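Numbering (the numbering used here), first residue to last: 316 to 688.
What follows is the structure, given as structure tokens:
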């Protein structure tokens, strides 16, 4: 689950949702509705529990959305064509244009990096990726941490209550050393930092074994954009900033990279997924789907909601603009606002290139169940 683009800033906007006909959705007729339908149907089991986890500013999945997802799951064997999937969405939902005072929405991308690692510290593998500490407690639900990212989200449990957890700098200086929490060891601290940003990874070992690891909590400190830090300090120009450009800068300035990365006090912990996991997990608890899973601000959108995204200038797969139906299945500490989204592009280098180069304006059309619209 992504921590977001390097230049994102917290926002708080009033938003309105105005119904529109499907004909107003750019490119609606050309989309692969079946891919979106399959992602939506897979959300059904997790949606049954999502309402119980939501509180505070987080939008909960309502009964109509849960019912629509469960109906999709029950029809998964029967709906096998794009036309049938399109008919399902048009029968069950009403599109709503998201309206707010900001000039435009913003889309970025994230992916699952594939990294070489070791189970033990050895040779070049000296950068630890940590499991969740046993004294780490949640102050908010995991689905809420994007909407409540300005406040502490996790803390350290003590005999007298809770206290702030160690910062990134303190952890890297050895705050967790000797606790036996090392899950795997990487070679490159920049790779480790971006694994935290992406929130999941596929790990390869020298013996040919591979595993998936996924987000399992964070130290609770608010996310700080190091991309914004480099812009504000004059090290990089705003128009040059992207996830790719940030990684290039850190790699080219090893003497400064550690200090810059430690400006972000937030630190992520991981767990190993079951061996049969075929995709990383999002905050909804559902496996992510390439190009169909979207990280959103749950202060505005319930996890599990279908959202049609229109980004005319984003063309990741050729000449066709990115205009397709996605499912809100994830959150991120820097994903803030009613039209702020992070697109999951998949696993590996190609997906990483797409994610790293994505920073485009876009519009959201939220599909609300007809029974609740």
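Note that beta-carbon positions come from the ideal geometry of N, C-alpha and C, so glycine has one too.
These figures come from a predicted structure and were not determined experimentally.
At least one CB of chain B closer than 8 angstroms to the CB of residue i: is that the case?
{"i": "residue 456", "result": "Annotation note: the requested chain B is absent from the structure, which comprises a single protein chain."}
Hey, how far is the Cα of residue i from the Cα of residue j?
{"i": "residue 566", "j": "residue 511", "result": "16 angstroms"}
{"i": "residue 356", "j": "residue 514", "result": "23 angstroms"}
{"i": "residue 710", "j": "residue 562", "result": "Shown here, the chain extends from 316 to 688; a query on residue 710 therefore has no answer."}
{"i": "residue 479", "j": "residue 466", "result": "12 angstroms"}
{"i": "residue 344", "j": "residue 477", "result": "53 angstroms"}
{"i": "residue 659", "j": "residue 548", "result": "30 angstroms"}
{"i": "residue 564", "j": "residue 377", "result": "44 angstroms"}
{"i": "residue 674", "j": "residue 424", "result": "8 angstroms"}
{"i": "residue 395", "j": "residue 401", "result": "11 angstroms"}
{"i": "residue 350", "j": "residue 528", "result": "25 angstroms"}
{"i": "residue 436", "j": "residue 444", "result": "11 angstroms"}
{"i": "residue 385", "j": "residue 550", "result": "50 angstroms"}
{"i": "residue 333", "j": "residue 408", "result": "13 angstroms"}
Are the CB atoms of residue i and residue j nearer to each other than 8 angstroms?
{"i": "residue 631", "j": "residue 516", "result": "no"}
{"i": "residue 362", "j": "residue 671", "result": "no"}
{"i": "residue 588", "j": "residue 596", "result": "yes"}
{"i": "residue 641", "j": "residue 607", "result": "yes"}
{"i": "residue 535", "j": "residue 421", "result": "no"}
{"i": "residue 494", "j": "residue 537", "result": "no"}
{"i": "residue 639", "j": "residue 431", "result": "no"}
{"i": "residue 681", "j": "residue 505", "result": "no"}
{"i": "residue 653", "j": "residue 330", "result": "yes"}
Taking only three categories from DSSP, how would you classify residue i?
{"i": "residue 517", "result": "strand"}
{"i": "residue 571", "result": "helix"}
{"i": "residue 428", "result": "coil"}
{"i": "residue 671", "result": "helix"}
{"i": "residue 657", "result": "strand"}
{"i": "residue 411", "result": "strand"}
{"i": "residue 444", "result": "strand"}
{"i": "residue 451", "result": "strand"}
{"i": "residue 469", "result": "strand"}
{"i": "residue 369", "result": "Note that residue 369 scores 48 on pLDDT, short of 50, meaning its location in the model is unreliable and no value can be drawn from it."}
{"i": "residue 381", "result": "helix"}
Near residue i, what residues of its chain come up, given a Cβ to Cβ distance below 8 angstroms and the 5 sequence neighbours on each side ignored?
{"i": "residue 446", "result": "496, 497, 498, 531, 584, 585 and 586"}
{"i": "residue 439", "result": "502"}
{"i": "residue 393", "result": "399"}
{"i": "residue 367", "result": "Caution applies to residue 367, whose pLDDT of 49 falls short of 50 and renders its modelled position unreliable; the value that the coordinates give is listed next. The answer is none, since no qualifying residue turns up."}
{"i": "residue 622", "result": "609, 611, 616, 640, 641, 642, 643, 656, 679, 680, 681 and 682"}
To which residues of the same chain is residue i closer than 7 angstroms at the C-beta, ignoring the five residues directly before and after it?
{"i": "residue 662", "result": "426, 427, 429 and 517"}
{"i": "residue 387", "result": "352, 355, 356, 359 and 403"}
{"i": "residue 381", "result": "362 and 363"}
Using DSSP bridges, identify the partner residues of residue i.
{"i": "residue 586", "result": "529"}
{"i": "residue 641", "result": "622"}
{"i": "residue 476", "result": "473"}
Spatial neighbours of residue i within its chain, please: CB distance less than 6 angstroms, with the 5 preceding and 5 following residues excluded, ordered by chain position.
{"i": "residue 508", "result": "576"}
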